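Below is one structure, written out as structure tokens, with a few remarks after it.
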Amino acid sequence: MTTITARCIETGKPLRVRMAGTQLSEVTPTDVDSVDSLPWIAPGLFDIQLNGYRGRWFSSETLTVDDVRETLLDLAAQGIAECFPTLVTNSNEAIEHGMNTIRKACDADPVIQAMVPGIHLEGPWISPLDGPRGAHPLEHVRMPIRAEFESWQRASGGRIRLVTLAPEVEGAVDAVAWLTREGIVVSIGHTAADAVAIQQAVKAGAGLSTHLGNGAAGLLPRHPNLLWEQLAEDRLWASVISDGHHLPQSTLLCMTRCKTLGRMIITCDVSGFGGCPPGEYREGGLAAEVLADGRIVSAGQRQYLAGSGATTGECVIRFAQMCDVSLAEAWSLACQQPNRLFQRPAPALEANQPATLTVFRLQTPAPDLPAIRFAGQSGSLHVSTAATFAPVATFVQGRQTAGPSDVAGN
387 MTTITARCIE TGKPLRVRMA GTQLSEVTPT DVDSVDSLPW IAPGLFDIQL NGYRGRWFSS
447 ETLTVDDVRE TLLDLAAQGI AECFPTLVTN SNEAIEHGMN TIRKACDADP VIQAMVPGIH
507 LEGPWISPLD GPRGAHPLEH VRMPIRAEFE SWQRASGGRI RLVTLAPEVE GAVDAVAWLT
567 REGIVVSIGH TAADAVAIQQ AVKAGAGLST HLGNGAAGLL PRHPNLLWEQ LAEDRLWASV
627 ISDGHHLPQS TLLCMTRCKT LGRMIITCDV SGFGGCPPGE YREGGLAAEV LADGRIVSAG
687 QRQYLAGSGA TTGECVIRFA QMCDVSLAEA WSLACQQPNR LFQRPAPALE ANQPATLTVF
747 RLQTPAPDLP AIRFAGQSGS LHVSTAATFA PVATFVQGRQ TAGPSDVAGN
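Quick note on numbering: the working numbering labels position 387 of the sequence shown as 773, and the sequence is numbered without any gaps.
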């Protein structure tokens, strides 16, 4: 039985959390000499869009079972307990290889199986236009073919749970309908769709906008445009990359007010170059540079982002700071909310819940700078502008996947 003493993200008060097997057996208040010395504890982070990490890509044509396992454990070391490995636009053979390899990795290791509740297929049914297409390779962009998708789903062992497509592509609205009938969440993204195409996709079953505000043309008409259409559509949830680079604060605030926290999800959409030291890198046709501040930009064109270098916990803290919501509210967007969207039980820090947890600290540049402040009449916990996310340990169904062996003793 593992026992951890840590601070609750909702109250800031110390808790004793005990795990027995795959479940939490006890979550009770406790007394400690110094609350400020304790780490924080919360239900595990769940990100629906992770492309890879530390030089490994889930879309790589040479992906191995070891690559999958090592990448997921590296992500666990960043506090991520569950995720959808994301395969992007590629050849039929490359996508099938990636699906097969992830399936084999899950079948070979129960920890990896528990970390991967699904796979996100982002493309290849997206806009061919520069801008909306983003960094996806033009030569592999194409219209939906059901037989092709079914071969990928077989290769994955039925794990594809999320598909991002552009509704204006020929055959895409029909694809939304049959994908939805199969229980797959369909998301609008990497698109130049007009209002008619967006409404057709929503009526066919589309329920999400992928990294809203990105994967679109750099210049749009004042109105109408695809951002207004998606923001106004209450049947669409929105995922956002809240790393402080992909969306300005004013944009993120407006999106939050339109969608409300009840229809939003945080994703870091981390690149396979995330976690790499500063320098230039290449994967397939993508040439990028990792800057000292963690941003990933196009090689030789630093004004253009070429992916995200942030991880989920970092995006949660940035969202809390940029939108001035409580720590617990921001955390829910990368924990409870994605579970709700995919009709999984929303986790809670309570007895008899799954022992899938993220333990972390909030660091500040100087000891006298507080990481937390109390706000409002309810005294909810808000993150100070100086605080940053520092992962401590990750547990998945009672198994420690990252962090020091003595974390239970803090």
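Glycine residues also receive a C-beta, built at the ideal position from the N, C-alpha and C atoms. It should be emphasised that the depicted structure is a prediction, and the values quoted were computed from it without experimental measurement.
To the nearest whole angstrom, what separates the beta carbons of residue 552 and residue 584, a pair I think is in contact under 8 Å?
Taking the first residue of the sequence shown as position 1, residue 552 is located at position 166. Taking the first residue of the sequence shown as position 1, residue 584 is located at position 198. Contact doesn't hold; Cβ gap of about 10 Å is too wide.
Leaving out the 5 sequence neighbours to the left and right, which residues in its chain are closer than 7 Å to residue 778 when beta-carbon positions are compared?
Here residue 778 refers to the residue found at position 392 when the sequence shown is read from its first residue. Closer than 7 Å at the Cβ level, and outside the excluded window around residue 778, lie 425, 745, 746, 747, 789 and 793.
Quick check: is the beta carbon of residue 700 nearer than 9 Å to any beta carbon in chain C?
You won't find chain C in this structure, because it holds only one protein chain.
Supposed contact pair residue 509 and residue 474 - C-beta distance, whole angstroms, cut 8 Å:
Counting from one through the sequence shown, the residue named residue 474 turns up at place 88. Counting from one through the sequence shown, the residue named residue 509 turns up at place 123. Contact holds; Cβ gap of about 5 Å.
From the DSSP output, read off the bridge partner residues of residue 426.
What you label residue 426 is simply residue 40 of the sequence shown in a count that begins at 1. 393 and 746, per the DSSP bridge assignment.
Cβ distance (whole Å) where residue 626 is taken to contact residue 650 below 8 Å
Position 240 of the sequence shown, counted from the start, is the residue given in the question as residue 626. Position 264 of the sequence shown, counted from the start, is the residue given in the question as residue 650. Confirmed, about 7 Å.
6 Å Cβ shell around residue 485 - same chain, five flanking residues per side excluded
Here the question's residue 485 lines up with position 99 in the sequence shown. Cβ neighbours of residue 485 beyond the five flanking positions: 538, 541 and 542.
Between residue 714 and residue 410, is the Cβ-Cβ spacing less than 9 Å?
Start at 1 with the first residue of the sequence shown, and residue 714 comes out as number 328. Start at 1 with the first residue of the sequence shown, and residue 410 comes out as number 24. No. Outside cutoff.
Which residue's Cα is closest to the Cα of residue 414: 531, 400, 577 and 448?
Within the sequence shown, numbered from 1, the residue matching residue 414 stands at position 28. Answer by Cα proximity: 400.
Any idea what DSSP makes of residue 718, helix, strand or coil?
The residue given as residue 718 occupies position 332 in the sequence shown. Judged by DSSP in its simplified three-state form, residue 718 adopts helix.
Assuming residue 653 contacts residue 435 (C-beta within less than 8 Å), just tell me the rounded distance between them.
For this step, residue 653 is matched to residue 267 along the sequence shown. For this step, residue 435 is matched to residue 49 along the sequence shown. Residue 653 to residue 435, Cβ: 4 Å. Contact.
Hey, out of 566, 536, 763 and 502, whose CA is closest to residue 594's CA?
Position 208 of the sequence shown holds residue 594. Out of 566, 536, 763 and 502, 566 has the C-alpha closest to the C-alpha of residue 594.
Take every Cβ of the region 525 to 538, pair it with every Cβ of the region 692 to 709, and state whether three or more of those distances are shorter than 8 Å.
no
Is it true that the CB of residue 466 sits closer than 9 Å to the CB of residue 488?
Residue mapping note: residue 488 aligns to position 102 of the sequence shown, counting from 1. Residue mapping note: residue 466 aligns to position 80 of the sequence shown, counting from 1. No, the pair does not count as a contact, with Cβ atoms beyond the cut-off.
Quick check: the region 721 to 735 against the region 747 to 765, are at least 3 beta-carbon pairs closer than 8 Å?
no
Option nearest residue 397 by Cα separation, candidates 764, 492, 450 and 571
Counting from 1 along the sequence shown, the entry for residue 397 is found at position 11. Of the listed residues, the one whose Cα sits closest to residue 397 is 764.
Quick check on DSSP: helix, strand or coil for residue 433?
Locating residue 433 in the sequence shown gives position 47, where the first residue counts as 1. Strand, per DSSP.
Tell me residue 768's beta-bridge partners as DSSP assigns them.
Within the sequence shown, residue 768 is the residue found at index 382, counting from 1. In DSSP, residue 768 forms a bridge with 712 and 759.
Which residue comes first and which comes last in the alpha helix (DSSP H) that contains residue 797?
Nothing in the structure corresponds to residue 797, since the chain is present only between 387 and 796.
Quick one: what's residue 469 bridged to in DSSP?
Counting from one through the sequence shown, the residue named residue 469 turns up at place 83. Bridge partners of residue 469: 433.
Measuring only the C-alpha atoms, how far is residue 427 from residue 741?
For the purposes of this step, residue 427 is identified with residue 41 of the sequence shown, where counting begins at 1. For the purposes of this step, residue 741 is identified with residue 355 of the sequence shown, where counting begins at 1. Those two C-alpha atoms are separated by around 11 Å.
For residue 797, write down the residues that DSSP places opposite it in a beta bridge.
A question about residue 797 goes unanswered here, because the residues of the chain that appear run from 387 up to 796.
Looking at the structure shown, is residue 617 part of a helix, part of a strand, or coil, going by DSSP?
Reading the sequence shown from its first residue, position 231 is the one you call residue 617. Residue 617 falls in the helix class under three-state DSSP.
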